[in-house]
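**Q** Quick one: structure below, then a few questions.
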Amino acid sequence: MAWRWQLESQSGEPVTVDVEGAADATFPTRADAESWVGEVWQDLLEAGVDAVRLFEDDREVYGPMSLHSA
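Have a look at this one:
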C-alpha cells in the first residue's frame, strides 16, 4: 500500500509545484503522509496549492482539505 496526496487548485484541478518532497511523493503509512503535509502545508499554499486529497493507492480517503485558514 502507498499513501499519496493529490495537490489541487481552488477549482479542484490537480497542480504540480516545486516544493521539496511534493513531486511523486508516496508514503508507507497514513501517519507519514499526514505528518509530511503538516510540515509543508504553508509551502504548498505559497506555491499555489489550495487543497489536498489523501489517497491510499487509488482509493480516496478524504478531501478536499483546504490549506486556507477558516
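Our numbering applies: residue 13 is where the sequence shown begins, and numbers increase by one. In this text, a Cβ means the ideal position worked out from N, Cα and C, and glycines have one as well. Small disclaimer: the values here were computed from a predicted structure and weren't measured.
1) Tell me the residue span of the alpha helix (DSSP H) that contains Val49.
2) Rounded to whole angstroms, what's the CA-CA distance from Val27 to Asp36? Just pull it up for me.
3) Please state the DSSP three-state secondary structure of Glu72.
4) In the structure shown, what three-state DSSP assignment does Leu66 receive?
5) Report the residue from Gly75, Met13, Ala82 whose alpha carbon sits nearest the alpha carbon of Gly24.
**A** Reading from the atomic positions:
1) To locate residue 49, count along the sequence shown from 1; it is residue 37. That run of the alpha helix (DSSP H) goes 42-58.
2) On the sequence shown, residue 27 is found 15 positions in, with the first residue counted as 1. On the sequence shown, residue 36 is found 24 positions in, with the first residue counted as 1. Annotation: Val27 to Asp36 spans about 12 Å, alpha carbon to alpha carbon.
3) Counting from 1 along the sequence shown, the entry for residue 72 is found at position 60. Annotated three-state conformation of Glu72 is strand, per DSSP.
4) The count along the sequence shown starts at 1 and reaches residue 66 at position 54. Here Leu66 sits in strand by DSSP.
5) Within the sequence shown, numbered from 1, the residue matching residue 24 stands at position 12. The shortest C-alpha separation from Gly24 is found at Gly75.
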